[in-house]
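Chains as they are written, first to last, in our numbering: chain Z, 1 to 427; chain U, 428 to 900.
For glycine and all other residues, C-beta sits at the position ideal for the given N, C-alpha and C.
All of these numbers come straight from a predicted model, not from anything done at the bench.
Worksheet: one structure, shown below.
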Amino acid sequence: MASPELHRFTLPNGLRVVLAPDASAPVVGVSVHYDVGFRSEPEGRTGFAHLFEHLMFQGSESLEKLAHFRHVQSSGGTFNGSTHPDYTDYYQVLPSAALERALFLEADRMRAPKITEENLRNQIDVVKEEIRLNVLNRPYGGFPWILLPPVLFKTFANAHNGYGDFVDLESATVDDCAEFFDTYYSPSNAVLTVAGDLDIETTKSLVEKHFGDVPARPKPERPSFAEPAPQGEVRHEHADPLAPLPAIAIGYRVPDPVTDIDGYLAYLVLAGVLTDGDSSRLQQRLVHREGIVIDLNAGCGLFGPLEARDPDTFSITAIHRADVTADQVVAAIDEELQKLAQEPPAAEELAKVTARWASTMHKEHDRLTNRTLGLGSAELLFGRAELIYELPQRIASVTVDEVSAAAKALRPDARALLLVKPTGGAQ
Amino acid sequence: MTVSISSPGQKTHRSAEEIGRTEVGPRPLPALGVQKAAADLSTVDTVLPSGLRVIAIRRATVPMVEVRLRVPFADPAASSTGSHHSAQAEVLANTVLTGTATRSRVQIDTELALVGGELDAVVDPERLSITGNALATGLGTVLDVLRDVLTSASYPAEELEREQARLVERIAIARSQPSVIAREALQKLLYGDHPYAKEMPEAEEVAAVTRDDVLALHRKALLPRGSVFVIVGDVEPAEAVAQIGEALGAWQGEGEAVQLPPLPAVKGGDVLLVHRAGAVQSQIRLAAQAIPRTDERYPALQIANLVYGGFFSSRLVENIREDKGYTYSARSHPEFTIHGATLLVDADTASDVTAAALLETRYELARLGLVPPSESEVDIARSYAIGTLLTTTSSQSGLASFLVNLAALGLGVDWLVSHPQRLQAVTPEQVAAAALEFFAPGNFTGVLVGDAETLKPKLAALGGINLGGVSFQ
Numbered sequence: 001m002a003s004p005e006l007h008r009f010t011l012p013n014g015l016r017v018v019l020a021p022d023a024s025a026p027v028v029g030v031s032v033h034y035d036v037g038f039r040s041e042p043e044g045r046t047g048f049a050h051l052f053e054h055l056m057f058q059g060s061e062s063l064e065k066l067a068h069f070r071h072v073q074s075s076g077g078t079f080n081g082s083t084h085p086d087y088t089d090y091y092q093v094l095p096s097a098a099l100e101r102a103l104f105l106e107a108d109r110m111r112a113p114k115i116t117e118e119n120l121r122n123q124i125d126v127v128k129e130e131i132r133l134n135v136l137n138r139p140y141g142g143f144p145w146i147l148l149p150p151v152l153f154k155t156f157a158n159a160h161n162g163y164g165d166f167v168d169l170e171s172a173t174v175d176d177c178a179e180f181f182d183t184y185y186s187p188s189n190a191v192l193t194v195a196g197d198l199d200i201e202t203t204k205s206l207v208e209k210h211f212g213d214v215p216a217r218p219k220p221e222r223p224s225f226a227e228p229a230p231q232g233e234v235r236h237e238h239a240d241p242l243a244p245l246p247a248i249a250i251g252y253r254v255p256d257p258v259t260d261i262d263g264y265l266a267y268l269v270l271a272g273v274l275t276d277g278d279s280s281r282l283q284q285r286l287v288h289r290e291g292i293v294i295d296l297n298a299g300c301g302l303f304g305p306l307e308a309r310d311p312d313t314f315s316i317t318a319i320h321r322a323d324v325t326a327d328q329v330v331a332a333i334d335e336e337l338q339k340l341a342q343e344p345p346a347a348e349e350l351a352k353v354t355a356r357w358a359s360t361m362h363k364e365h366d367r368l369t370n371r372t373l374g375l376g377s378a379e380l381l382f383g384r385a386e387l388i389y390e391l392p393q394r395i396a397s398v399t400v401d402e403v404s405a406a407a408k409a410l411r412p413d414a415r416a417l418l419l420v421k422p423t424g425g426a427q
Numbered sequence: 428m429t430v431s432i433s434s435p436g437q438k439t440h441r442s443a444e445e446i447g448r449t450e451v452g453p454r455p456l457p458a459l460g461v462q463k464a465a466a467d468l469s470t471v472d473t474v475l476p477s478g479l480r481v482i483a484i485r486r487a488t489v490p491m492v493e494v495r496l497r498v499p500f501a502d503p504a505a506s507s508t509g510s511h512h513s514a515q516a517e518v519l520a521n522t523v524l525t526g527t528a529t530r531s532r533v534q535i536d537t538e539l540a541l542v543g544g545e546l547d548a549v550v551d552p553e554r555l556s557i558t559g560n561a562l563a564t565g566l567g568t569v570l571d572v573l574r575d576v577l578t579s580a581s582y583p584a585e586e587l588e589r590e591q592a593r594l595v596e597r598i599a600i601a602r603s604q605p606s607v608i609a610r611e612a613l614q615k616l617l618y619g620d621h622p623y624a625k626e627m628p629e630a631e632e633v634a635a636v637t638r639d640d641v642l643a644l645h646r647k648a649l650l651p652r653g654s655v656f657v658i659v660g661d662v663e664p665a666e667a668v669a670q671i672g673e674a675l676g677a678w679q680g681e682g683e684a685v686q687l688p689p690l691p692a693v694k695g696g697d698v699l700l701v702h703r704a705g706a707v708q709s710q711i712r713l714a715a716q717a718i719p720r721t722d723e724r725y726p727a728l729q730i731a732n733l734v735y736g737g738f739f740s741s742r743l744v745e746n747i748r749e750d751k752g753y754t755y756s757a758r759s760h761p762e763f764t765i766h767g768a769t770l771l772v773d774a775d776t777a778s779d780v781t782a783a784a785l786l787e788t789r790y791e792l793a794r795l796g797l798v799p800p801s802e803s804e805v806d807i808a809r810s811y812a813i814g815t816l817l818t819t820t821s822s823q824s825g826l827a828s829f830l831v832n833l834a835a836l837g838l839g840v841d842w843l844v845s846h847p848q849r850l851q852a853v854t855p856e857q858v859a860a861a862a863l864e865f866f867a868p869g870n871f872t873g874v875l876v877g878d879a880e881t882l883k884p885k886l887a888a889l890g891g892i893n894l895g896g897v898s899f900q
């Protein structure tokens with residue numbers, strides 16, 4: 001894929017800036033990625049990084065509560081924020097006439113967010129509703145992103161629930177927020193990305209105008225979250241009274257994407273060979289030939305590939321028939337992995353995965369929101385925004401032997417096995 | 428709370444108050460710049476001899492093509508009771524891509540994958556949709572597979588049998604989702620046994636479908652006349668139309684694809700309580716009659732809806748989420764059929780605040796008519812409507828999906844291009860009139876799904892609720 005021009009610079013306060021001009025439509029995307037996610041939450045404060053993300057929308061020195069939303073939307077734009085294991089992002093996508101406004105809004109809350117007791121209590125209630133909606137009141141809630149990490153990992157940072165326990169959320173204080181902001185939300189710990197219809201020189205001076213006087217603070221030392229892979233197969237049963245059918249999630253460790261990106265990508269290709277499309281190996285066998293599995297997925301990263309640093313996860317998930325045991329499904333998966341370990345996949349299998357990834361990346365880039373966020377997270381995690389343009393080429397150069405080796409490394413004696421058991425009784 | 432080493436009493440961070448102010452003080456919001464217009468769309472909108480309408484648009488932002496085929500696929504019966512259409516249509520959609528006279532399911536997927544492509548079929552009470560995309564160089568492959576599927580889908584017996592079994596399980600999974608339970612209850616309340624209300628068949632109906640049923644339905648109902656094919660991407664529109672005409676020319680059929688029969692108007696009434704034992708959150712789903720996009724009052728209604736609950740800066744969201752913390756997700760939106768539209772209001776709230784949230788939701792409905800949107804509220808909503816039309820149609824997939832929905836209503840690119848002017852022309856008085864006419868609480872009916880035992884005391888006090896509702900499970 002042709003790599004469009006990227007412009008980079010760093011402000012004296014440490015803020016890294018990526019500009020990615022593209023004049024094909026008169027719209028622009030602005031995002032800020034902060035280098036802190038839910039892995040950095042201390043014990044007793046699960047869910048805090050996500051709660052804090054909500055608070056960043058609640059006003060800042062120049063903006064009353066609700067003003068952020070109104071200014072973005074009255075400019076014809078959309079916005080959101082999301083919290084990941086290793087970072088938290090915020091974005092606006094708007095008609096390009098509103099570029100300066102978006103920069104102003106992001107700069108104002110990077111400089112001086114207004115954190116009040118009233119807004120904190122309000123957003124704790126909102127976050128609890130979010131958790132009821134997405135986890136507590138539905139079948140397969142948090143499957144697998146909340147349920148699998150405590151089986152695969154041992155340390156609190158890697159294993160805990162990033163949405164948080166209600167007790168922890170309720171004990172959050174305004175002073176916790178102040179300390180979290182001062183520690184992690186410094187300009188030197190962030191990447192600003194502007195993509196779309198923009199003029200380089202004008203945008204540079206607007207960035208300097210609005211972010212230039214955000215005071216410099218030290219960049220926090222990022223601790224290592226490394227921990228050893230599981231010894232043996234760690235099993236855990238999770239009772240789900242709302243689920244109509246049993247499900248499994250198998251979790252493995254993958255190579256560090258920062259130090260060994262090509263090793264990591266071999267697992268991404270393996271995921272495609274296993275589960276992408278009706279002609280993939282596990283879909284063919286488990287869903288279409290044997291008919292024991294209803295829905296099946298495999299992939300790197302519980303939030304998508306290249307969305308986290310080490311340690312990251314390779315997972316295979318399946319919702320399966322109630323008259324089939326989890327062990328039967330796992331045994332069939334193991335057998336297919338073993339076949340791949342013994343005999344590398346055909347070149348055509350890789351060609352399919354490569355072509356579909358090329359399409360997927362094109363489609364991602366065509367949506368300005370995804371392009372802006374993709375550039376920002378690649379710059380933050382890997383120091384290379386252009387990685388998102390190089391991925392199709394890198395994926396295409398993964399060899400059949402590397403995929404075979406990746407399959408071989410997914411060993412039964414170093415993995416997590418989560419079993420979701422429906423306990424609601426017959427309906 | 429963060430891990431920090433400090434001696435007792437030593438401050439390691441500023442207070443929230445210190446963080447929230449600077450020496451300079453609050454700064455003024457920058458003005459908007461001058462907005463460039465979107466580039467003109469190069470487009471062809473034509474009807475092939477088979478009766479298939481084709482809309483082709485060049486948008487070469489990435490070397491891809493997006494395709495959307497929409498076939499009206501309604502149940503011709505007056506009532507869904509005793510009709511097998513819903514089950515047969517669902518089985519057809521789940522198996523139409525599993526084999527043809529010359530290709531197996533695996534071959535179809537392999538050919539598509541090699542050009543970075545995919546095709547997917549889904550059906551609802553109004554239409555069958557086949558959605559796809561591929562690298563632009565693979566358009567020929569996508570069209571050939573599509574031709575093959577449309578003219579000679581073979582519904583292999585073993586694929587059919589397995590997909591039927593799988594469909595039964597997938598329906599069970601869908602029906603365990605609170606949002607699906609609420610949707611089914613609402614549609615049933617609004618439309619009774621009209622086929623429009625039946626969005627999913629029953630397990631035993633799926634099991635009873637035969638291969639002959641599906642083959643017959645394909646012959647009878649999967650027709651080009653009345654259908655529309657949209658292609659957006661890195662193509663020359665005239666060439667794309669010629670290529671589509673050649674590839675899909677063999678897709679013929681007698682008669683015209685079946686449009687949805689007219690729907691009964693939605694009338695206001697009590698909200699029906701639907702019991703879901705042990706639920707920790709409730710689904711509030713309200714509905715009222717609205718007007719189609721072609722009605723001259725529609726732009727005013729669109730803005731009134733935004734002010735009510737159609738975006739984040741709306742009265743409903745600011746009230747029940749940002750002020751009271753009753754919900755994470757509250758919204759209102761119009762839903763269109765070829766005949767008209769409904770206004771839908773959705774909110775999910777914890778059981779102990781459900782009655783209060785419903786009270787506020789109704790209060791805001793009444794307030795929209797009685798204290799109509801101010802000029803500033805209208806302007807914010809108007810800018811949002813115009814701006815998001817630009818951003819959502821700036822991607823190939825966004826434009827293709829938007830257009831195929833417009834085409835279903837008999838509209839086309841012209842409507843998309845001219846809609847910002849219609850929104851610009853709307854006055855606060857017109858918005859006030861639309862608010863008063865369409866948002867009156869008495870116009871609305873709806874359902875509330877939740878744990879009835881927990882909810883009843885407060886709902887009984889609130890009133891306007893049918894507490895003797897249906898029970899789920």
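The alpha helix (DSSP H) spanning Z:H50 covers which residue range?
-> F48 to L55 is the span of the alpha helix (DSSP H), which, as asked, contains Z:H50.
Z:A98 vs U:L889 beta-carbon contact at 7 Å | Result no, Cβ atoms of Z:A98 and U:L889 do not sit closer than 7 Å.
Residues of the stretch 461-472 of chain U with a CB closer than 9 Å to any CB of chain Z: list them in chain order, please.
-> So the close ones are V461, Q462, K463, A464, A465 and A466.
So with Cβ pairs under 7 Å, would you call Z:G212 a contact of chain U?
-> Not closer than 7 Å to any Cβ of chain U, the Cβ of Z:G212 fails to qualify, so no.
Minimum length 3: unbroken beta strand (DSSP E) runs contained in the stretch 733-765 of chain U = Listed in chain order, the complete beta strand (DSSP E) runs (minimum 3 residues) inside the stretch 733-765 of chain U are 754-763.
Using the Cα positions of Z:A396 and U:Q591, report the straight-line distance between them to the nearest angstrom.
-> About 37 Å.
Using a C-beta to C-beta distance shorter than 9 Å, which residues of chain Z count as neighbours of U:I600?
-> Contact annotation for U:I600 against chain Z: P139, Y140, A243, P244, L245, I294, D295 and I319 [CB-CB distance below 9 Å, chain order].
So who's on the other strand from Z:Y91, going by DSSP bridges?
-> DSSP, once it has assigned bridges, lists Z:S31 and Z:N80 as partnering Z:Y91.
What is the rounded straight-line gap between the Cα of U:L541 and the Cα of Z:L340?
-> Rounded to whole angstroms, the separation of the alpha carbons of Z:L340 and U:L541 is 20 Å.
Got a sec? Which residues, its chain only, sit under 6 Å from Z:M1 by beta carbon, not counting five neighbours each side?
-> In this prediction, Z:M1 scores a pLDDT of 44, lower than 50, which makes its location untrustworthy; the coordinate-derived value is nonetheless stated afterwards. The beta carbon of Z:M1 lies closer than 6 Å to those of Y389 and P392 in the same chain, with the five residues before and after it left out.
Can you name the residues of chain U whose CB is closer than 8 Å to the CB of Z:G291?
-> Those are R589, A592 and R593, listed as they occur along chain U.
For the beta strand (DSSP E) holding U:G660, just list the boundary residues, first then last.
-> Start and end: V655 to G660.
Look at the alpha carbon of U:V396 and the alpha carbon of Z:A107, and state the distance between them as a whole number of angstroms.
-> This structure cannot speak to residue 396 of chain U, because chain U is shown only from 428 to 900.
Which same chain residues, not among the five before or five after U:S581, have their C-beta less than 7 Å away from its C-beta?
-> Answer for U:S581: G526, T527 and A528, listed in chain order.
Backbone CA spacing between U:L594 and U:V633 [nearest angstrom] = Rounded to the nearest angstrom, the two C-alpha atoms are 8 Å apart.
For U:T429, which residues from the same chain have a beta carbon less than 6 Å from its beta carbon, with the 5 sequence-adjacent residues on both sides left out?
-> Because the pLDDT at U:T429 is just 41, under 50, the model does not fix this residue reliably, and the point stays unresolved.
Take the Cβ of Z:K114 as the centre, count every other Cβ of all protein chains shown within 10 Å, and call the residue buried at 16 or more, exposed below.
-> It counts as buried.
By how many angstroms is the C-alpha of Z:F143 removed from the C-alpha of Z:A426?
-> At Z:A426, the pLDDT of 47 sits below 50, so the modelled position is not reliable and the matter cannot be decided from this model.
Check the Cβ of Z:F69 against every Cβ in chain U and list those closer than 8 Å, keeping chain order.
-> The CB of Z:F69 comes closer than 8 Å to the CB of F739 and S740 in chain U, given here in chain order.
Tell me, please, whether the stretch 541-558 of chain U touches the stretch 493-513 of chain U by the rule of three or more beta-carbon pairs shorter than 8 Å.
-> Yes: the two stretches touch, three or more of their Cβ pairs being nearer than 8 Å.
Should the stretch 211-224 of chain Z be regarded as contacting the stretch 42-61 of chain Z, the criterion being three or more beta carbon pairs within less than 8 Å?
-> In this structure the stretch 211-224 of chain Z does not touch the stretch 42-61 of chain Z; the number of beta carbon pairs closer than 8 Å is below three.
As assigned by DSSP and simplified to three states, the class of Z:H238 | The answer is strand: DSSP assigns Z:H238 an E or B state.
Best match in Z:L136, Z:G376, Z:K421 and Z:P422 for proximity to Z:A190 [C-alpha to C-alpha] = Considering only alpha carbons, the answer is Z:G376.
Please name the residue, chosen from Z:A298, Z:G374 and Z:I248, that lies closest to Z:S315 on a Cα-to-Cα basis.
-> Checking every option, the nearest Cα to that of Z:S315 belongs to Z:A298.
Taking only runs that begin and end inside the stretch 834-865 of chain U, name each unbroken beta strand (DSSP E) of 3 or more residues, in chain order.
-> If one requires a minimum length of 3 residues, no beta strand (DSSP E) run lies completely within the stretch 834-865 of chain U.
According to DSSP, residues forming a beta bridge with U:Y623 = According to DSSP, U:Y623 bridges with nothing at all.
Give the secondary structure of Z:T275 by DSSP, where H, G and I count as helix, E and B as strand, and everything else as coil.
-> In the three-state reduction of the DSSP assignment, Z:T275 falls in the helix class, which pools H, G and I.
Measure from the C-beta of U:L826 to each C-beta in chain Z and report whether the shortest distance is under 7 Å.
-> No, its Cβ sits nowhere closer than 7 Å to a Cβ of chain Z.
What are the boundary residues of the alpha helix (DSSP H) that Z:F69 is part of?
-> Unbroken alpha helix (DSSP H) run through Z:F69: A67 to S74.
What residues from the stretch 121-153 of chain Z come within 9 Å of chain U, judged by C-beta to C-beta, listed N to C?
-> So the close ones are R121, N122, Q123, I124, D125, V126, V127, K128, E129, E130, I131, R132, L133, N134, L136, N137, R138, P139 and Y140.
Check the Cβ-Cβ distances between U:K627 and every residue of chain Z, and say whether any is below 7 Å.
-> The amino acid at residue 627 of chain U is misidentified as Lys; the sequence shows Met. Chain Z, which has no Cβ nearer than 7 Å to the Cβ of U:M627, makes this no.
State the beta-bridge partners of U:R480 as determined by DSSP.
-> According to DSSP, residue pairing for U:R480 in a beta bridge involves U:V474 and U:V655.
Neighbourhood of Z:Q283 by C-beta distance below 7 Å, restricted to the same chain and skipping five residues each side | Answer for Z:Q283: T275, G277 and L296, listed in chain order.
8 Å Cβ cut-off: residues of chain A touching U:Q708 = You won't find chain A in this structure, because its protein chains are Z and U.
For U:N521, go through chain Z and note every residue whose CB falls closer than 8 Å to its CB, in chain order.
-> Identification of chain Z residues near U:N521 by a Cβ-Cβ cut-off of 8 Å yields none; the smallest Cβ-Cβ distance measures about 12 Å.
If the cut is a Cβ gap below 8 Å, which residues of chain Z does U:Q604 touch?
-> One finds R138 and P139 in chain Z with Cβ atoms closer than 8 Å to the Cβ of U:Q604, taken in chain order.
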